[in-house]
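Just so we're on the same page, the working numbering is the position in the sequence shown counted from 1, plus 1163.
Just so you know, even glycine gets a beta-carbon here, dropped at the ideal spot from N, CA and C.
Quick caveat, the model's predicted, so the values are computed rather than measured.
Notes to accompany the following structure.
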Amino acid sequence: MRRLEERILRDGKILSSTVLKVDSFLNHQIDPELMKEIGGTFAQRFREKAVTKVVTLESSGIAPAAMTALELGVPAVFARKRKSLTLADDLYSAEVYSYTKEERNSISISKDFLSAEDRVLLIDDFLANGQAVLGLSEIVKQADATLAGVGIVIEKGFQDGGHILREKGIHIESLAIIDSLSGQKIRFQKEDVTV
Ligand code: G4P
């Protein structure tokens, strides 16, 4: 998505050869216009998949997931990393290990919001090692729901996640795929570069 790539080039900060900071429009401050376009693009790419629910993981997946759900006319559900005061006892849960943060989280969704009739579109802000998407798809499986596809805002193509998920036959749409962050330069995957 051209506008997203331009924004990454303009405002993204390379923290290391593996980590990109995009706090000014995605991970801290949110650009609602950009999120709207992201939601519209995901909706367009998954329109034929008869999605009934958009599912993400708190916190940075919520904005793009909500915009996608709005465009598709379905609810958005976010998995929680912490138990909240009001979170039901009846939960689907999975373990997610973050290689980036070196921490393990138990993620949960109430059984009230996912069922066997659902066709689920998973949305997340970053795809690195694929652990978040694998944890979310485990929850989809526990609910006997159908995984309709996965929408990623920024895929780091030089890490394993995309490969692992595509090998499983999962339909993934990434709006920007970064090939490399080395040498203080952001390089997008060739076929994704439209500029
Ligand atoms: P994985 O799910 O693909 O395996 O990714 P990983 O565990 O490595 O990522 C853990 C967290 O770090 C996720 O956020 C993910 O979005 C974020 N992350 C991974 N790589 C980058 C990067 O290059 N830049 C930025 N800005 N974030 C990255 P999270 O813990 O769920 O945080 P949040 O959603 O609450 O913001």
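Looking at the DSSP output, E1258 sits in a beta bridge with S1269. Looking at L1235, V1237 and S1256, the one whose alpha-carbon comes closest to that of R1243 is S1256. Looking at R1329, F1241 and V1316, the one whose alpha-carbon comes closest to that of L1189 is V1316. Residue pairing of R1350 in beta bridges, as defined by DSSP: S1343. For V1237, DSSP records no beta bridge to any residue. Between the alpha carbons of I1270 and I1333 lies a gap of roughly 21 Å.
Short note on F1289: C-beta closer than 7 Å to some heavy atom of the ligand G4P. DSSP places G1314 inside the beta strand (DSSP E), whose first and last residues are T1309 to K1319.
Just measuring C-alpha positions, the residue of A1232, G1175, T1309 and Q1294 sitting nearest M1198 is A1232. Distance from the CA of I1341 to the CA of P1227, rounded to the nearest whole angstrom, comes to 19 Å. DSSP places K1304 in the uninterrupted alpha helix (DSSP H) bounded by Q1294 to Q1305. The beta carbon of V1237 sits closer than 7 Å to those of V1214, T1215, K1216 and V1217, all from its chain and outside the five residues before and after it, given in chain order. Taking V1185 as reference, the option from A1339, G1346, I1335 and S1261 with the minimal CA-CA separation is A1339.
In this structure, the C-beta of V1182 approaches the ligand G4P to less than 7 Å from one of its heavy atoms. The beta carbon of E1330 sits closer than 8 Å to no other beta carbon from its chain once the five residues preceding and following it are set aside. For V1240, the CB stays at least 7 Å from every heavy atom of the ligand G4P. The distance from the Cβ of M1164 to that of G1202 is about 11 Å, inconsistent with a contact at the 8 Å cut-off.
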